[in-house]
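Inspection log for the structure reproduced underneath, given as C-alpha cells.
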Amino acid sequence: MRHVASWILFVSAVALPAHSSPRDNALPQQANSGTIRGRVIAADGGEPLRNARVTISGPSSVPRIFTDGDGRFLFSNLTLGRYALLVSKAGYVQTRFGSRKPADPPMWIEITAESPAFSAEVRLSRSAAISGRILDDLGNPIELAQVSAERVIRSDGRVGVMTMAITTTGPRLSFPVSRCAEPRRRRGRA
C-alpha cells in the first residue's frame, strides 16, 4: 500500500504544472532575434511624449508603432542585423536616433546574437512654424510663390546660407514651414 501511495504522489507531481508569474507567460524571444526598446521624451523638459511615431529600417520588415502614455516603445523578434530608428511627432522635429541635427545620418543599431537587446532614449526638439503672405510691389498677394527658409551660418570668418525648407504658397497664400527646429536667426526668400 505504501508503494501505491508513493506512485500516486510521483504521478501528481509530474502532471501538475508549476506556478508561473505573468511575466513568465510573455511570448518568448525567438532564437537569433533581438529587441529594440526605448523612450521618447521632449528635449526641452524631459516629459514623455505619448503617440510619437517610431519607425525602424533594417533587415526585418516591421510596421511603425506609436509610443504609449509613458513615451515607451518596443520592437521585438527582430532579425539580427543593423537598424536605424526614426521618431516623429506633430509639433516636433523628426529625429533619427544618434543624430545631432535633423540632416545628420542615423546611428546604426547592431542587433547580434551576443548583443540581442538595445535600449534607446530619443529626445525630440520642438519645431517652429513660419507663416505669412507674399505680396507684390502693389500689395497684392502672389499665388504659387516659391518660398524658402534659410539659416545663416558663420564659420571661419565667412558667412553662408543653408536652406532648411522650401514650399510654395497655397490657396490661402501662406507658407507654413515646419522644419525649422530651434528659434535662431532665420531668413526667408521668395
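In numbering that gives the first Met the number 0, the protein residues as written are 0 to 189. Each residue gets a CB set at the ideal place from its N, CA and C atoms; glycine is no exception.
| Query | Result |
| --- | --- |
| Delimiting residues of the beta strand (DSSP E) encompassing S154 | 145 to 154 |
| Beta-carbon proximity of I35 to I64, cut-off 8 Å | no |
| Beta strand (DSSP E) segment containing A119, residue limits | 116 to 123 |
| Three-way DSSP call (helix, strand, coil) for F74 in this model | strand |
| Sequence-distant residues of its chain with Cβ nearer than 7 Å to L26 (five each side left out) | Per-residue confidence for L26 stands at a pLDDT of 47, beneath the threshold of 50, marking its modelled position as unreliable; no derived number is given. |
| C-alpha gap between N31 and P115, whole angstroms | 8 Å |
| R38, enclosing beta strand (DSSP E) - first and last residue | 32 to 41 |
| Same chain, Cβ closer than 8 Å to A197, neighbours up to 5 away in sequence not counted | The chain is shown from 0 up to 189; residue 197 falls before or after that span and cannot be answered. |
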